[in-house]
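Scroll down for the structure; my scribbles are underneath it.
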């Protein structure tokens, strides 16, 4: 079935194709068949969303494009195999499509084509580039080379969101009715509470948005290209299809491009692919035949392609632009981000449910009391006001304020720990997370290479924090001749640029691998700049396609020249004849070589990048070009993207908290396995790994079934990450996703909690994340988990308190109306009562100190309601004690004074005092204030209760307020009755707490 879902933009349409659902074969088939038509400019299908975007000329209408898609789907081979090149050619002949357009339909497989064919297809030239006229034409045809920015929430939208709940809507309606019936003060009180809630929520959320927005980096604004046979610098947004990019170290790639020339070019693609090691690029096509197997070569394996937003770390080259703006790989990821939907958090959903239930209950009670009052002969307006006030009383006005303020205080605590929270609910959601998906590169690891292991002929050393350790002995490089020479050669045979800044710190610029060697020397206390000055560089022999090593030649003080060599260990070993052992140069035997090759294999299996290091001396007058012979072997250097400090302990803390950990990476399975073992990612000895090859062959149902059994997902693409998160959610898990790259953005948005790196992360990742770790310290996530769990528990206490106290008001009013004994509380007293007893006492309960074992408990079940069935019996009992005590005091006053203001005053004071004292009882569900277990101090509760009593006393001392509330003076006997009636529920409820555990036990049986 083909359904048009967006056709408003002329020449652009998006359709939903049911058959496309999780069918990558149909995706490629559709895209390739559609672009055989020269009037269809672009087609991009997404098997995850079943959507296809088509851009076309004025020749077609949207309906005609839908018809073409329908015919292609019908013609799709039933066995799911992709159409072959011969079939494409045959179809092209039938449609009288020229050979040029057959090349045009291959434009999404540039990596399969020879460089000359790419230039021909794009009508450009390596030497001349595009003409100015052609560039202008392409700019008009394909648009500017810009990505649409992720939409950020405006201040107005943040503020409006504070009012989008059913309880707030009910309060607003009640305020309107109060104004209509003459209760202006009632309306002011109601809307004052609503406004307070909105201001608190807006202030906290908008501040987080501003801080996160300030973290944005600025894109490279200009790019060097060849046009009209000249190298010129143009604005990056004006780069067009066919432009020849001039590639230089330190620059970001402006658009997706096919390499035409590459001289030792290396690109850091970690933000896009997740691979931490820079990739060495070349200009050669991956295959000479565009067969169906090679069309879907992973991005990380397309060595002849470069992509927008990646960083050039070394070398130079030329590349022909094949995609710009939204058509780039980064643009496709942004499309995934826009199509991914955020998931509502458990607390937000449950508070909405509780609020909605209370709204409907309040409406029912409103109708019941109104009907009873009319039957009893009370006035219509009087009963309308009272019933509306009672309905408002049924909805705890303090609930949204308490939840918002408590979460806001959690955000404040997070900000003090360099954790920025975009929305209030994100803190709570992290506290209920059951599975956390951890991106490896840049999250669990540093995303920068570092020397971690060195093997010389006499010693095997671990390298950490600038120290060289053999067994348990610290090695001083200046006392170990072969280690010192190895460090010297590593500094000299190195392309990284090095300078010292004003503050004395080194500034190192180059590839991650070569920078790691420089930092090894610096951390060992060796002056790398002085070494280079002592041994001036005279010649450099760079790596080449058939020679995976580098050598440099340096002047020495004794009229000789030193040859420094590093590269592939196997190749370096072959040209070494001698080695250094204990400071002596001795013959390098075959047995020695075999032993080193075994060590090389061992280090490679640990996912280390291994280099062999050697050197030799030659005469200054030696004109022989073959300097890379008769070398002296020094040792092996093993490098890795190091695990972040504290990452292993963090994994252990997650396990202690009952949270499952899953690692997702673009790296190969051996690398992923080694990292996972080191992190002890699984509490079981056996790690389960699934790579993208197997992942793509799974049905959504199978992936959902496997998702919570797999510990490591390797060789993963951005769409795969999204699939994994959605599969875990489909399995009923509350999922958090961490990441820093562009490739993480879709999954970050889809997860209940997206956590991005603020310092080393990309703008795209930060913009879609719920939580940003400003200083990239992963261990601060446990603070958020602890805070989230505590917030939930405390909000639960507050909700319990609010329901019990508000239900007591309903019981008192309904019972009195049914018995015909007047109104114990008038409309304004009900509103005052809620204002005094709900907000501040309820908020003080939300500020209870965390329980000591909060991180030793498993995550709560997200389907568990905030108020469980077992809680309702207890809430009803507590409400009944408050109600009975209040009605008893009201009965005493009626007998003494009759139905009127004095009796109402006694009931009002009794219920207010009883509810305030009930705050103390609500501090713990298990422990009584009379039990030997000491509850942690809560100074906020003492202030709230004392302050609320003080406000209540003010009602008697300020005449205007006393007149509004319609309260009268009290005698000493009245005060004693009020005190005793208010204290009795506290004593009863505290002494019956030990019944609740038994009730819960019985229930679970």
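Numbering (the working numbering), first residue to last: 918 to 1922.
Ideal Cβ positions, reconstructed from N, Cα and C, are used throughout, including at glycine.
All of these numbers come straight from a predicted model, not from anything done at the bench.
Checking 7 Å against the spacing of the C-beta atoms, do residue i and residue j come in under that value?
i, j, result
"residue 1181", "residue 1460", "yes"
"residue 1323", "residue 1708", "yes"
"residue 1670", "residue 1653", "yes"
"residue 1371", "residue 1503", "no"
"residue 1521", "residue 1530", "no"
"residue 1608", "residue 1632", "yes"
"residue 1047", "residue 1144", "yes"
"residue 1156", "residue 1241", "yes"
"residue 1564", "residue 1695", "yes"
"residue 1412", "residue 1431", "yes"
"residue 1169", "residue 1073", "no"
"residue 1725", "residue 1796", "yes"
"residue 1187", "residue 1197", "no"
Quick one: residues in its chain with C-beta nearer than 8 Å to the C-beta of residue i, no 5 flanking neighbours on either side, listed in chain order?
i, result
"residue 1417", "1423, 1424 and 1446"
"residue 1545", "1458, 1466, 1468, 1480, 1482 and 1492"
"residue 1289", "1731, 1734 and 1735"
"residue 1573", "1772 and 1773"
"residue 1473", "1452, 1479 and 1534"
"residue 1816", "1738 and 1739"
On the DSSP letters alone, give me the boundaries of the alpha helix (DSSP H) that residue i sits inside.
i, result
"residue 1789", "1786-1814"
"residue 1629", "First-last for residue 1629: 1629-1631, but that is the beta strand (DSSP E), not the alpha helix (DSSP H)."
"residue 1139", "From DSSP, residue 1139 is part of no alpha helix (DSSP H) but of the beta strand (DSSP E) over 1139-1144."
Roughly how many angstroms lie between the CA atoms of residue i and residue j, to the nearest whole one?
i, j, result
"residue 985", "residue 951", "8 Å"
"residue 957", "residue 1466", "47 Å"
"residue 1595", "residue 1589", "10 Å"
"residue 1031", "residue 1059", "24 Å"
"residue 1343", "residue 1687", "6 Å"
"residue 1579", "residue 1768", "28 Å"
"residue 1456", "residue 1050", "44 Å"
"residue 1585", "residue 1722", "59 Å"
"residue 1898", "residue 1843", "24 Å"
"residue 1200", "residue 1154", "25 Å"
"residue 1378", "residue 1397", "12 Å"
"residue 1714", "residue 1835", "12 Å"
"residue 1336", "residue 1568", "19 Å"
"residue 1703", "residue 1346", "11 Å"
"residue 1859", "residue 1762", "10 Å"
Which same chain residues end up closer than 7 Å to residue i when comparing Cβ atoms and leaving out the 5 residues on each side of it in sequence?
i, result
"residue 996", "Note that residue 996 scores a pLDDT of 37, beneath 50, so its modelled location is shaky; the value from the coordinates is reported in the next line. There are no such residues."
"residue 1027", "1035, 1175, 1222 and 1239"
"residue 1516", "1372 and 1553"
"residue 1163", "1141, 1142, 1143, 1148 and 1235"
Looking at the secondary structure, which residues open and close the beta strand (DSSP E) in which residue i lies?
i, result
"residue 1718", "Not the beta strand (DSSP E): residue 1718 falls in the alpha helix (DSSP H), residues 1697-1736."
"residue 1416", "1414-1417"
"residue 896", "The chain is shown only over 918 to 1922; residue 896 falls outside these bounds and no answer can be derived."
"residue 1180", "1173-1185"
"residue 1161", "1161-1164"
Please state whether DSSP places residue i in a helix, a strand or coil.
i, result
"residue 927", "coil"
"residue 1847", "coil"
"residue 1767", "coil"
"residue 1458", "strand"
"residue 1471", "strand"
"residue 1377", "strand"
"residue 1607", "strand"
"residue 1624", "helix"
"residue 1686", "coil"
"residue 1576", "coil"
"residue 1571", "helix"
"residue 1370", "strand"
"residue 1501", "strand"
"residue 1483", "strand"
"residue 1384", "strand"
"residue 1819", "helix"
Between residue i and the rest of its own chain, which residues show a CB-CB distance below 6 Å, the 5 nearest in sequence each way excluded?
i, result
"residue 1646", "1652"
"residue 1351", "1650, 1651 and 1776"
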